[in-house]
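A.B. asks: What follows is a structure written as structure tokens; I'll ask about it next.
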Amino acid sequence: MTASASNEKLDHLFAVQATKEETEEEDLQPNICEVLQIIGAKWSFIVIAQLYKGPQRFKQLLRNLAIVRTQSLTDTLRHLEKTGVVRREVFPTVPVTVEYSLTEKGMDFHGVLEEMDRWAAKWKS
């Protein structure tokens, strides 16, 4: 085999490998984008983390997440409910009681939060 033919073969192999890696990266992108559309809102992570402690009423969440404004919490809870991460349960009491909790989909996100916490602890400056 000539040096030229050998180089062409190597070039082909590298091109195939690069295409395979690009395809794998492209396959990840839609999934990551979809996840970020669900939990990428400013307060979503801390609301989800707070609800891991158990179901809570709106005022409890607002008190526990003191840095979040009322309207922001309302918007975040509505978004997380719409995307199936949070469950909103209304109890027929006077006055009406509303409780928020994580769905199975929301609970399944716990491992991601733990990994993010580990990463943050490792790279904290």
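Using our numbering, you'd call the opening residue of the sequence shown number 1 and step up by one each time. We treat Cβ as the ideally placed atom computed from N, Cα and C, and that holds for glycine. Source: prediction; values computed, not measured.
1) Answer with buried or exposed for residue 51, where buried requires no fewer than 16 other C-beta atoms within 10 angstroms of its C-beta.
2) Specify the secondary structure class of residue 97 as computed by DSSP and reduced to three states.
3) Indicate, with yes or no, if the ligand COA has a heavy atom lying under 7 angstroms from the CB of residue 38.
4) Roughly how many whole angstroms lie between the Cα atoms of residue 117 and residue 102?
5) Taking its Cβ as the centre, do 16 or more other Cβ atoms sit within 10 Å of residue 48, making it buried, or is it exposed?
6) For residue 109, which three-state DSSP category applies?
7) Is the segment 52 to 65 close to the segment 25 to 42, with three or more CB pairs under 8 angstroms?
8) At the level of alpha carbons, what is the spacing between residue 45 and residue 96?
9) May I ask you to list the residues that DSSP assigns as paired with residue 87?
10) Report buried or exposed for residue 70, applying the criterion of at least 16 other Cβ atoms within 10 angstroms of its Cβ.
11) Please classify residue 80 as buried or exposed, where buried requires at least 16 neighbouring CB atoms within 10 angstroms.
12) How about residue 105 and residue 85: are their beta carbons less than 8 angstroms apart?
13) Taking just the CA atoms, how far does residue 87 sit from residue 94?
C.D. replies: So, to answer that:
1) buried
2) strand
3) Of ligands this structure carries none, so the ligand COA is not represented either.
4) 19 angstroms
5) buried
6) coil
7) no
8) 27 angstroms
9) 101
10) exposed
11) buried
12) yes
13) 21 angstroms
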